[in-house]
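Reading through the structure tokens given below for one structure.
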């Protein structure tokens, strides 16, 4: 017998005829107590730092108490047993959602313990007969044990998929052309050094705090968002992050010596800064040979990420956003009337256009951003550490380039096409699927408004 069949049998037994009067009695007793139970749950979880970040989001504050009360009410409603499959599906969704927002199982189990404690306390207060109280306690325990097992199984299944995809990404690398990627990084790093040295030497009233930190440069954002996805056999992320921090520290020291008029110490710090950047540049170059040896599983045609890795990247992006306060944007891009191209020029030529558009996308975003072949003629872009105005600017650059570019086909044929773009900003909510749904809705608005437009969506 499968695990799902066991769960179905256990729930069917709990919701069977002989236990319906007990479920009815528990439901009646708990109904007026549900707001208080939800409030205790909310208050205690606010004391846990990792869950406080989630609970403080305005939508979570608005919906959690209500949804928690509804879940408890449905759990003890005898009518819930009319469709055991729906009950199981509801618990599986809860497990997947908790995995998506990265709530640890120990924290989830702690929450279940709070709910059981509060329910037991209230049942004990209202049921004086020991025998009836024991029956109620036993039923609550069985119901929570069964539904919690379903939730945890769904959670673990989701986590295994996430870990498998993350490992796969690390094994397959972060880009189809590692040499070009690394060369871009070296150029970004050296450009940052050139600009920084100019500011150090030529700014008359230097403010150390105003100097551009490497950590938040385009190079630094690549380190934050993508270096963890380097192959596990390379294991370079920790070194890159440490080197980036050290460079920023040396830069700040150099600026302080310059402001204090300590010339000898200033020149010494500048030399250390240059040495640190040179070392980091060499380190990046040394990654090329290693990365070129690693097989990279991406979309065969466009050489972009495929949807398999989307959840993995979105989850990481959301964790970074919540922990470090770095906002991100989701862009969903659709090529307008692309079917006409396939119909008129054939699917092979349509593939050439898709490949050319993917190359244009790579040149239109920063090296720290992620691009996915979302499906057919749709693409999805994740922009890290960007405000709404910046996301709009990048989206407009993509739209404008697409409109102006002549996509060349064999036989000296050049065609023009446009794209529609939907944008959403991650607003701090732990469920990253909301951002994708909002971007998708914004894309629909852009197409409905006439296409060849960018639309910034919202709640």
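Residue numbers (the numbering used here): 769 to 1227. Using N, Cα and C, we set each Cβ at its ideal position, and we do this for glycine too.
Going by the beta-carbon positions, is the gap between residue i and residue j smaller than 8 Å?
{"i": "residue 1054", "j": "residue 954", "result": "no"}
{"i": "residue 1101", "j": "residue 1162", "result": "no"}
{"i": "residue 1196", "j": "residue 1209", "result": "no"}
{"i": "residue 866", "j": "residue 923", "result": "yes"}
{"i": "residue 1019", "j": "residue 1041", "result": "yes"}
{"i": "residue 1070", "j": "residue 1122", "result": "yes"}
{"i": "residue 920", "j": "residue 873", "result": "yes"}
{"i": "residue 890", "j": "residue 832", "result": "no"}
{"i": "residue 774", "j": "residue 805", "result": "no"}
{"i": "residue 1160", "j": "residue 1147", "result": "no"}
{"i": "residue 1037", "j": "residue 1021", "result": "yes"}
{"i": "residue 803", "j": "residue 835", "result": "no"}
{"i": "residue 1171", "j": "residue 1110", "result": "no"}
{"i": "residue 956", "j": "residue 1222", "result": "no"}
{"i": "residue 1103", "j": "residue 1125", "result": "yes"}
{"i": "residue 855", "j": "residue 779", "result": "yes"}
{"i": "residue 1153", "j": "residue 1113", "result": "no"}
{"i": "residue 1177", "j": "residue 1120", "result": "yes"}
{"i": "residue 871", "j": "residue 819", "result": "yes"}
{"i": "residue 903", "j": "residue 782", "result": "no"}
{"i": "residue 787", "j": "residue 883", "result": "no"}
Could you have a look at residue i and say whether DSSP puts it in helix, strand or coil?
{"i": "residue 1100", "result": "strand"}
{"i": "residue 1051", "result": "helix"}
{"i": "residue 1222", "result": "strand"}
{"i": "residue 895", "result": "coil"}
{"i": "residue 881", "result": "helix"}
{"i": "residue 782", "result": "helix"}
{"i": "residue 994", "result": "coil"}
{"i": "residue 1134", "result": "coil"}
{"i": "residue 1200", "result": "coil"}
{"i": "residue 985", "result": "coil"}
{"i": "residue 816", "result": "coil"}
{"i": "residue 825", "result": "coil"}
{"i": "residue 789", "result": "helix"}
{"i": "residue 1094", "result": "coil"}
{"i": "residue 863", "result": "helix"}
{"i": "residue 1067", "result": "coil"}
{"i": "residue 935", "result": "Model confidence at residue 935 stands at a pLDDT of 48, short of 50, so the residue's coordinates are unreliable and nothing is read from them."}
{"i": "residue 1217", "result": "coil"}
{"i": "residue 974", "result": "coil"}
{"i": "residue 951", "result": "helix"}
{"i": "residue 980", "result": "coil"}
{"i": "residue 1210", "result": "helix"}
{"i": "residue 1035", "result": "helix"}
{"i": "residue 845", "result": "coil"}
{"i": "residue 834", "result": "helix"}
{"i": "residue 799", "result": "helix"}
Please name the residue or residues paired with residue i in a DSSP beta bridge.
{"i": "residue 1139", "result": "1149"}
{"i": "residue 1166", "result": "BP columns for residue 1166 are empty, so no partner."}
{"i": "residue 1181", "result": "1177"}
{"i": "residue 876", "result": "According to DSSP, residue 876 bridges with nothing at all."}
{"i": "residue 739", "result": "Summary: the structure shown does not reach residue 739, with the chain confined to residues 769 through 1227, and so no result is reported for it."}
Got a sec, what are the start and stop residues for the beta strand (DSSP E) residue i sits in?
{"i": "residue 1191", "result": "1187 to 1193"}
Can you name the start and end residues of the alpha helix (DSSP H) that residue i belongs to?
{"i": "residue 869", "result": "Premise fails: residue 869 is in no alpha helix (DSSP H) and is neither H nor E."}
{"i": "residue 1018", "result": "1005 to 1028"}
{"i": "residue 1106", "result": "1106 to 1113"}
Check the C-beta distance from residue i over to residue j and give it rounded, since I have them as a contact under 8 Å.
{"i": "residue 1207", "j": "residue 1191", "result": "6 Å"}
{"i": "residue 880", "j": "residue 912", "result": "6 Å"}
{"i": "residue 981", "j": "residue 1016", "result": "5 Å"}
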